[in-house]
Ligand SMILES: [Zn+2]
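Numbering (the numbering used here), first residue to last: 66 to 238.
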């Protein structure tokens with residue numbers, strides 16, 4: 066397994082959604098692994114409690130929840146995935162995120178943070194502009210229609226994973 070964490074055709078740019086975002090520099094087809102677990106710092110709740118208020122705020126903005134209620138902070142550009150209520154990427158498991166739609170060059174890659182990220186994080190107002198925008202984004206119950214729908218999309222997208230080039234899954238030569 067190689068050490069690449071972010072798909073090589075993803076670049077950091079200013080986003081119209083919020084601050085910076087991650088964009089496709091080339092077309093990335095549905096079912097492609099675009100993020101693989103790596104370049105992270107993992108903190109326990111006890112460690113978090115001892116940090117400064119300023120660093121806590123950064124962590125609540127960027128972290129997601131790992132196993133055993135840890136906070137996982139991506140130290141590379143992976144932390145710049147923006148939320149959308151109509152996302153084009155989601156997690157297939159705790160170690161990999163994939164595209165759940167065909168993503169075209171120039172498009173921003175987005176993730177639905179209601180899926181599992183928000184137990185630790187501050188809830189926030191969404192301006193994604195999608196027809197189904199939920200406006201106020203907080204952790205969604207796992208049995209909600211939103212989550213069910215995303216899980217169906219992820220399963221379907223993964224069926225295409227063997228038909229596409231997977232730079233993050235190919236071994237180093
Ligand atoms: Zn939205």
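Ideal placement from N, C-alpha and C gives every residue a C-beta, glycine not left out. Quick caveat: nothing in here was measured; it's all calculated off a predicted structure.
Residue range 210 to 223 is occupied by the alpha helix (DSSP H) that includes residue 219.
Assignment of alpha helix (DSSP H) within the stretch 106 to 148, counting only whole runs of 4 or more residues, yields 110 to 115 and 118 to 127 in chain order. Taking a contact as a CB-CB distance under 8 Å, the pair residue 225 and residue 95 counts as one, their CB atoms being some 5 Å apart. By the criterion of at least three beta-carbon pairs nearer than 8 Å, the stretch 121 to 130 is in contact with the stretch 182 to 191. Spanning the alpha carbons of residue 211 and residue 205 requires a straight line of approximately 8 Å.
Per DSSP, the continuous beta strand (DSSP E) segment holding residue 99 begins and ends at 98 to 101. Residue 81 carries a coil assignment under DSSP once its states are collapsed to helix, strand and coil. In the three-state scheme derived from DSSP, where H, G and I count as helix and E and B as strand, residue 235 is classed as coil. Ranked by how close their Cα comes to the Cα of residue 77, the residues 156, 70 and 86 have 86 in first place.
For residue 175 and residue 194, the gap between their C-alpha atoms comes out near 13 Å. Cα atoms of residue 215 and residue 155: separation of roughly 8 Å, rounded to the nearest angstrom.
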